[in-house]
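In this text, residue positions in the sequence shown follow full-length UniProt numbering: the first is 26, and each later residue adds one. Report on the following structure.
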Amino acid sequence: NYYRENYDSQNQKVVNKVVLGFSQVGAESDWRTANSESIQSAAQAEGIKLIFSNAQQKQENQIKAIRSFIAQKVDIIAFSPIVENGWEDVLNEAKIAGIPVIVMDRAIDIQDKALYVTHIGSDFEEEGRKAGRWLLEKVKKTKGSINVVELRGTFGSSPTNGRSKGFEEIIKPNTFIKMIGCKYGDFMKSKGKEIMENFLKSEGNRIHVVYSHNDDMALGAVEAIEEYGLKPGEDIIIISIDAVKAAFQAMIEGKINCTVECNPLQGPELMKAAKSIMKGNSLPKRIIINEGIFSQDMAKSELPNRKY
Ligand code: AHR
């Protein structure tokens, strides 16, 4: 177990388990479920007491949770911010209370970078670039234009912003690739299906490629495409992000063409950072998780190795 030493009002030494308050975005995707499990099991393995709070996709719930961690005088606060903006006030409150903050997974956009110790998480822009490069390679010999629809995640969130930006950076100079539509699906399968149904209604057979910001939405789009009477993965190329097991299964069935890895198993890295902070060590401002990319031809051999 991991302990911290304190002195009570009689100046007696008291030893307590380190307490970490974590505010999670929600449970919108397979990725998120794996991320929550990773945090919970890593806390247990390290003997850190975890107060885990699920914000059900609402920033106001995350702010409330952080305020409640401050009131409970936790040792460290960590959170995966649903959106990038709007964290100044509550992080200033944590600073006044002297509680260090770790930003996990998604990034925040804040002027005063001293309001958090470190940001542990993926490079979302690079994930978008990887998806773009894969598409370029796939269609480079195609004649005529390639029409792409983009299923975005949550409006104002860093994975959505980064994945759009990185993809666009690669695609833009190649004018035969045309973005013909984008809609927000909050990283949820049901919404991915719904927005794909709408794209098919308005664009029909003009759609050549779906670029989905996560696997759950891509799997929803697969259902919509099948119900429309087309073959996902053949009639429409599907590129996705996360690399969860269900996407590997869909790749084996030929329904998704490629998935860029976004690794949710960040719990051990979070606990390592929490322990370093408690020891008074400094940490890099940014800790990036290493990730790969998987296409259909790799799916069968890779599936047994997937942990989420
Ligand atoms: O912040 C990471 C993203 O959020 C994952 O790609 C997605 O599946 C999740 O919901």
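Built from N, CA and C at the ideal position, the CB exists for glycine as well.
* Asked: Distance, Cα to Cα, residue 123 vs residue 145?
  -> Each residue's Cα considered, the two are about 20 Å apart.
* To do: State yes or no: is the C-beta of residue 173 within less than 8 Å of the C-beta of residue 236?
  => A distance below 8 Å separates the beta carbons of residue 173 and residue 236.
* Pull up the CB-CB distance for residue 202 and residue 171, whole angstroms please, since I reckon it's below 8 Å. => Approximately 5 Å separates the beta-carbon atoms of residue 202 and residue 171; this is inside 8 Å, confirming the contact.
* Near residue 113, which residues of its chain fall below 7 Å by C-beta distance, leaving aside the five closest residues on each side in sequence? -> Closer than 7 Å at the Cβ level, and outside the excluded window around residue 113, lie 135.
* Asked: Looking at C-alpha atoms only, which residue of 329, 103, 262 is the closest neighbour of residue 142?
  -> Considering only alpha carbons, the answer is 103.
* **For residue 140 and residue 248, the rounded distance between their alpha carbons** => Annotation: residue 248 to residue 140 spans about 43 Å, alpha carbon to alpha carbon.
* Asked: Is it a yes or a no for the stretch 254–272 touching the stretch 40–48, going by three-plus beta-carbon pairs under 8 Å?
  -> Segment contact: the stretch 254–272 against the stretch 40–48, fewer than three CB-CB distances shorter than 8 Å; contact not assigned.
* Own chain, CB closer than 6 Å to residue 110, minus 5 neighbours either side, in chain order -> Cβ neighbours of residue 110 within its own chain (closer than 6 Å, five residues either side excluded): 134.
* Could you tell me if residue 70 is buried or exposed, where buried requires 16 or more neighbouring beta carbons within 10 angstroms of its beta carbon? => Residue 70 is exposed by the Cβ-count criterion.
* To do: Spell out the partners DSSP gives residue 419 in its beta bridges.
  => Lying before the first or after the last residue shown, residue 419 is absent from the chain, which here runs from 26 to 333.
* By Cβ distance, which residues of its chain are closer than 8 Å to residue 178, with the 5 residues on each side in sequence left out? -> Here the set comprises 184, 185, 188, 209, 210, 211, 212, 238, 239, 242.
* Asked: So does residue 134 have its beta carbon nearer than 7 Å to some heavy atom of ligand 1?
  -> No; taking the cut-off as 7 Å, the Cβ of residue 134 has no heavy atom of ligand 1 nearer than that.
* Asked: Taking DSSP as the reference, what is the three-state secondary structure of residue 314?
  -> In the structure shown, residue 314 sits in coil (DSSP, three-state: anything other than H, G, I, E or B).
* Look at the alpha carbon of residue 61 and the alpha carbon of residue 329, and state the distance between them as a whole number of angstroms. => Roughly 22 Å between the two C-alpha positions.
* **Beta bridge counterpart(s) of residue 204 as assigned by DSSP** => Residue 204 is bridged to 173.
* Count the other CB atoms, across all protein chains shown, that sit within 10 Å of the CB of residue 81; report buried if there are 16 or more and exposed otherwise. => Label assigned to residue 81: exposed.
* Should residue 204 and residue 251 be called a contact, given that it needs their Cβ atoms to be closer than 8 Å? -> Contact flag unset, no.
* To do: Report the partner residues of residue 144 according to the DSSP bridge assignment.
  => Residue 144 is bridged to 128, 311.
* Asked: Can you name, in chain order, every residue of its own chain whose Cβ lies under 7 Å from the Cβ of residue 91, other than the five neighbours on each side?
  -> Non-local beta-carbon contacts of residue 91 in its own chain, meaning distances under 7 Å to residues more than five positions away in sequence, involve 48, 102, 104, 115, 119 in chain order.
* Asked: Using a threshold of 7 Å, is the CB atom of residue 106 nearer than that to any non-hydrogen atom of ligand 1?
  -> The answer is no for residue 106.
* Report the rounded CA-to-CA distance for residue 315 versus residue 149, giving the unit in angstroms. => The straight-line gap from Cα to Cα measures roughly 11 Å.
* Asked: What do you get for residue 130, buried or exposed, if any count of 16 or more other CB atoms within 10 angstroms of its CB means buried?
  -> Counting Cβ neighbours within 10 Å, residue 130 comes out buried, since at least 16 surround it.
* **For residue 226, the first and last residue of its enclosing alpha helix (DSSP H)** => Annotation for residue 226: the continuous alpha helix (DSSP H) segment containing it runs 214–228.
* Under 8 Å between C-beta atoms of residue 333 and residue 293 -> In this structure, residue 333 lies away from residue 293, with their beta-carbon atoms at least 8 Å apart.
* On the three-state DSSP scale, how would you describe residue 109? -> Here residue 109 sits in coil by DSSP.
* Could you tell me the distance, in whole angstroms, from the CA atom of residue 89 to the CA atom of residue 132? => If I take the Cα positions, the gap works out to 19 Å.
* Asked: For residue 298, which option in 39, 57, 67 has the closest C-alpha, if you only look at C-alpha atoms?
  -> Taking residue 298 as reference, the option from 39, 57, 67 with the minimal CA-CA separation is 67.
* **residue 246 burial status per 10 Å Cβ neighbour count (16 or more: buried)** => With a threshold of 16 other beta carbon atoms within 10 Å, residue 246 meets it and is buried.
* Asked: Taking the C-alpha atoms as reference points, what is the distance between residue 121 and residue 137?
  -> Take the alpha-carbon of residue 121 and the one of residue 137: they are about 14 Å apart.
* Whose C-alpha, out of 284, 166, 300, is nearest the C-alpha of residue 323? -> Checked all of 284, 166, 300; the closest Cα to residue 323 is 284.
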